[in-house]
Amino acid sequence: LTSFFLTESKNASQHHNSQKAHRNGPLTYLTRNSIKKPKTHRYPSLKGVDPKFRRNHRHALHGTMKALKERKEGKREVA
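Each step along the sequence shown adds one to the number in the UniProt record's numbering, with nothing skipped, and position 31 is 31.
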């Protein structure tokens, strides 16, 4: 006598979905759900940086711009 048992249907599986979500590129078919890296900016914010460094940096930038301007006008030789 043979009896047939019906298997219960599978509800859900998250297997491999994390890896698929972290793929980034043209082959990703889950573009809506893909996890992207944060955008990086050219000049990061100086918020939270040492105040002494920020003050010195401001003066250094001013001197650099002054030197570039003088070099452009021909008042300064290239070192």
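Glycine is no exception: its CB is placed at the ideal position from the N, C-alpha and C atoms.
This structure is a prediction, so every number in the text was calculated from the model and none was measured.
For residue i, the first and last residue of its enclosing alpha helix (DSSP H)
| i | result |
| --- | --- |
| Lys37 | No alpha helix (DSSP H) contains Lys37, which DSSP labels as neither H nor E. |
| His15 | Taken as a continuous stretch (DSSP letters only), His15 belongs to no alpha helix (DSSP H), as it is neither H nor E. |
| Glu70 | Pro51 to Glu73 |
Cβ separation of residue i and residue j, assumed to be a contact under 8 Å, to the nearest whole Å
| i | j | result |
| --- | --- | --- |
| His22 | Ile35 | 5 Å |
| Arg76 | Ala67 | 6 Å |
| Leu61 | Arg54 | With 8 Å as the limit, Leu61 and Arg54 do not qualify as a contact, their Cβ atoms being about 11 Å apart. |
Buried or exposed (CB count within 10 angstroms, at least 16 for buried), residue i
| i | result |
| --- | --- |
| Ser9 | exposed |
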